[in-house]
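A.B. asks: Residue numbers (our numbering), protein chains in the order written: chain E, 18 to 228; chain P, 18 to 228.
Backbone N, C-alpha and C fix where the C-beta goes; we use that ideal spot for every residue, glycine too.
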DNA sequence: CCGATTCCATATCGATCACTATGAAAGTTG
DNA sequence: CAACTTTCATAGTGATCGATATGGAATCGG
């Protein structure tokens, strides 16, 4: 588990001249927009409003800064996904995940697409560890959704032969793909129709349903 | 339209000491594996087996080299997609696209995932033109699939109220998402089950079908 | 006010980036 | 063979990469 560096105010010494959380948010937006390797330290320091030595003193290095930024990004998705685990059905949970993803990918105050999908989609061998860390977050989300589906299967809300791993993988794949379409300029209403179409792939609960 | 530089053998002068097509293929594999901005010239020249001046003399610069490599990559997908336009139905065409994508993303002799999905998923402002060129290829594929769907709708093979744009967008989104899952280590059989699950989102042709 | 501690601003560090100047090498043409 | 054309290998260009050394500035406990 990645642990966020605690922001403990020192008893002595010169105080921080910037808000650590606000600066981290700007770093997150920069990584979101331009990716991990393709965001330079100078671009990050410009966005965060601090100098390079301040960045390294406060966050360690570029890798640790990104991991913290990713945690900040995935934070609300985690809460979202946790809330969705309390959704009435797994299908409803998946639908809410898809809608929330579309809204997050097409926000007017944030970059297009998904940080988890784009920030390390490509990269040199030098950033293999970071790529793996991002992949781990994706896999965690997929696993939670799979378990949510398994719950419905065991409760008889979904057919016993439901492949929960495939269904969870499909939802994650659609979300990651919607990130690409959002980057390509697809607007929110359009992406929502795709998300809605994706839920048609869900198996019917019990008896045949028209839709 | 991007035109491939013609390989015209000069009548005089020292002949090329390398196979231009083979070297381009190695460049394509490098961009596929490590992305556009995150593949360095030194990495490219090492993979292609040529020196930097030879690369620049033969292909222009890094950007043109990538555009040629992308054309080489998209070449067979274009043929594939052209062949799929002759598939019996739009749904069958989409299924073939999905299966072909899974096979391409999980080949043992090639990098994981999709070059079109990952090579420019992130990047600085400096590579905006390249990112746009890649997005254009994606949009072209989506448009061709949409038109294939429209054909089935006009022929009564699909419901008249079918949203062909959403359906095409869903297929493209799933393909791009499968690229991410392939990069995360998902094996071919697993990804095929996801592709199969995605086709369940397709509207029923005429009367109710059990599957 | 003083020493200790911490952070800030300036000015870099060596390494690598995309790219190229230069002259020798390898062909064709006569 | 000599003149011409094109490519080759070597070595480097200025710029930027991630990361830091250094010394002064700001706040603390005493």
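Can you find a C-beta in chain E that's less than 9 Å from the C-beta of residue 166 of chain P?
C.D. replies: As a working note, residue 166 of chain P is residue 149 in the second chain. Residue 166 of chain P does not count as touching chain E.
A.B. asks: Residue 172 of chain E by DSSP, collapsed to three states: which one?
C.D. replies: Taking the first chain and counting its residues from 1, one reaches residue 172 of chain E at position 155. Of the three classes helix, strand and coil, the one that applies to residue 172 of chain E here is coil, per DSSP.
A.B. asks: To the nearest angstrom, how far is the alpha carbon of residue 116 of chain P from that of residue 209 of chain P?
C.D. replies: Along the second chain, one-based indexing puts residue 116 of chain P at 99. Along the second chain, one-based indexing puts residue 209 of chain P at 192. Those two C-alpha atoms are separated by around 7 Å.
A.B. asks: For the stretch 132–150 of chain P, which residues have a beta carbon sitting closer than 7 Å to at least one beta carbon of chain E?
C.D. replies: Against chain E - using a Cβ distance shorter than 7 Å - the residues of the stretch 132–150 of chain P are 134, 135, 136, 138, 139, 140, 141.
A.B. asks: Could you tell me whether the Cβ of residue 58 of chain P comes closer than 9 Å to any Cβ of chain E?
C.D. replies: Mapped onto the second chain, residue 58 of chain P falls at position 41. By this cut-off, residue 58 of chain P is not an interface position.
A.B. asks: Quick check on this structure: which residue in E:185, E:85, E:56 has the alpha carbon closest to the alpha carbon of residue 41 of chain E?
C.D. replies: As a position in the first chain, residue 41 of chain E is number 24, starting the count at 1. Comparing Cα positions, the closest option is E:85.
A.B. asks: Can you give me the start and stop residues for the alpha helix (DSSP H) that residue 182 of chain E sits inside?
C.D. replies: Mapped onto the first chain, residue 182 of chain E falls at position 165. Segment 181–200, the alpha helix (DSSP H) holding residue 182 of chain E.
A.B. asks: Output the distance between the C-alpha atoms of residue 179 of chain P and residue 164 of chain P, rounded to the nearest integer angstrom.
C.D. replies: What you label residue 179 of chain P is simply residue 162 of the second chain in a count that begins at 1. What you label residue 164 of chain P is simply residue 147 of the second chain in a count that begins at 1. About 12 Å.
A.B. asks: Who are the near neighbours of residue 212 of chain E in its chain, counting only those whose CB is closer than 8 Å to its CB and skipping five residues on each side?
C.D. replies: The residue given as residue 212 of chain E occupies position 195 in the first chain. Excluding sequence neighbours, residue 212 of chain E sits near 112, 115, 116, 118, 119, 191, 195.
A.B. asks: Is the CB of residue 189 of chain P under 9 Å away from at least one CB in chain E?
C.D. replies: Locating residue 189 of chain P in the second chain gives position 172, where the first residue counts as 1. Yes, residue 189 of chain P lies at the interface with chain E (some Cβ there is under 9 Å from its Cβ).
A.B. asks: Measuring straight from C-alpha to C-alpha, what distance separates residue 45 of chain P and residue 73 of chain E?
C.D. replies: Indexing the second chain from 1 puts residue 45 of chain P at position 28. Indexing the first chain from 1 puts residue 73 of chain E at position 56. Near 36 Å, if we compare the C-alpha coordinates of residue 73 of chain E and residue 45 of chain P.
A.B. asks: Determine the direct distance from the alpha carbon of residue 56 of chain E to that of residue 77 of chain E, and round the result to whole angstroms.
C.D. replies: One-based indexing of the first chain puts residue 77 of chain E at position 60. One-based indexing of the first chain puts residue 56 of chain E at position 39. Distance between the alpha carbons of residue 77 of chain E and residue 56 of chain E: 16 Å.
A.B. asks: Any chance you could list the alpha helix (DSSP H) runs of at least 4 consecutive residues sitting entirely within the stretch 98–124 of chain P, in chain order?
C.D. replies: Taking only runs of at least 4 residues, the alpha helix (DSSP H) segments lying wholly in the stretch 98–124 of chain P are 107–122.
A.B. asks: Note down the Cα distance separating residue 225 of chain E from residue 176 of chain E, rounded to an integer number of angstroms.
C.D. replies: To locate residue 225 of chain E, count along the first chain from 1; it is residue 208. To locate residue 176 of chain E, count along the first chain from 1; it is residue 159. With a pLDDT of 40 at residue 225 of chain E, under the threshold of 50, the predicted position of this residue should be treated as unreliable, though the coordinate-derived value follows. For residue 225 of chain E and residue 176 of chain E, the distance between alpha carbons rounds to 12 Å.
A.B. asks: Under 7 Å Cβ-Cβ, which residues of chain E neighbour residue 211 of chain P?
C.D. replies: If you number the second chain from 1, residue 211 of chain P lands on position 194. Result: 183, 186, 187, 190.
A.B. asks: If you check the beta carbons only, do residue 174 of chain P and residue 222 of chain P fall under 9 Å apart?
C.D. replies: Against the second chain, residue 174 of chain P aligns to sequence position 157. Against the second chain, residue 222 of chain P aligns to sequence position 205. In this structure, residue 222 of chain P lies closer than 9 Å to residue 174 of chain P by Cβ.
A.B. asks: Is residue 32 of chain E helix, strand or coil when you go by DSSP?
C.D. replies: If you number the first chain from 1, residue 32 of chain E lands on position 15. DSSP places residue 32 of chain E in coil when its eight states are reduced to three.
A.B. asks: Using only alpha-carbon positions, find the residue among E:75, E:156, E:149, E:150 that is nearest to residue 36 of chain E.
C.D. replies: Numbered from 1 along the first chain, position 19 holds the residue referred to as residue 36 of chain E. For the residues E:75, E:156, E:149, E:150, the minimum Cα distance to residue 36 of chain E belongs to E:75.
A.B. asks: What in chain E is Cβ-close to residue 90 of chain P, meaning under 9 Å?
C.D. replies: As a first step, residue 90 of chain P must be located in the second chain, where it is residue number 73. Those within 9 Å of residue 90 of chain P in chain E number zero; the least Cβ separation is about 14 Å.
A.B. asks: If you drop the 5 nearest sequence neighbours on each side, which residues of the same chain put their C-beta closer than 7 Å to that of residue 151 of chain E?
C.D. replies: Counting from 1 along the first chain, the entry for residue 151 of chain E is found at position 134. Only 87, 133, 136, 137 meet the Cβ criterion.
A.B. asks: Return the first residue and the last residue of the alpha helix (DSSP H) that residue 69 of chain E is part of.
C.D. replies: The residue given as residue 69 of chain E occupies position 52 in the first chain. 69–76 is the extent of the alpha helix (DSSP H) around residue 69 of chain E.
A.B. asks: List the residues of chain E whose Cβ lies closer than 7 Å to the Cβ of residue 248 of chain P, in chain order.
C.D. replies: Nothing can be reported for residue 248 of chain P, as the shown portion of chain P is limited to 18 through 228.
A.B. asks: Flag residue 161 of chain E as yes if its beta-carbon sits less than 9 Å from any beta-carbon of chain P, otherwise no.
C.D. replies: Here residue 161 of chain E is taken as the residue at index 144 of the first chain, counted from 1. Closer than 9 Å: no.
A.B. asks: Using a 10 Å radius around the Cβ and a threshold of 16 neighbouring Cβ atoms, would you call residue 31 of chain E buried or exposed?
C.D. replies: The sequence position of residue 31 of chain E within the first chain is 14, counting from 1. Exposed, by the Cβ-count rule.
A.B. asks: Counting contacts by CB-CB distance shorter than 9 Å, is residue 201 of chain E in contact with chain P?
C.D. replies: As a first step, residue 201 of chain E must be located in the first chain, where it is residue number 184. Yes - at least one Cβ of chain P is within 9 Å of the one on residue 201 of chain E.
A.B. asks: Assuming the contact rule is C-beta atoms closer than 8 Å, residue 214 of chain E and residue 123 of chain E should be a hit. Round their C-beta distance to whole Å, please.
C.D. replies: Within the first chain, the letter at position 197 stands for residue 214 of chain E. Within the first chain, the letter at position 106 stands for residue 123 of chain E. Incorrect: roughly 17 Å between the Cβ atoms, too far for contact.
A.B. asks: If we ignore side chains and look at the alpha-carbon of each, how far apart do residue 99 of chain P and residue 218 of chain E end up?
C.D. replies: Within the second chain, numbered from 1, the residue matching residue 99 of chain P stands at position 82. Within the first chain, numbered from 1, the residue matching residue 218 of chain E stands at position 201. Cα to Cα, the separation comes out at about 26 Å.
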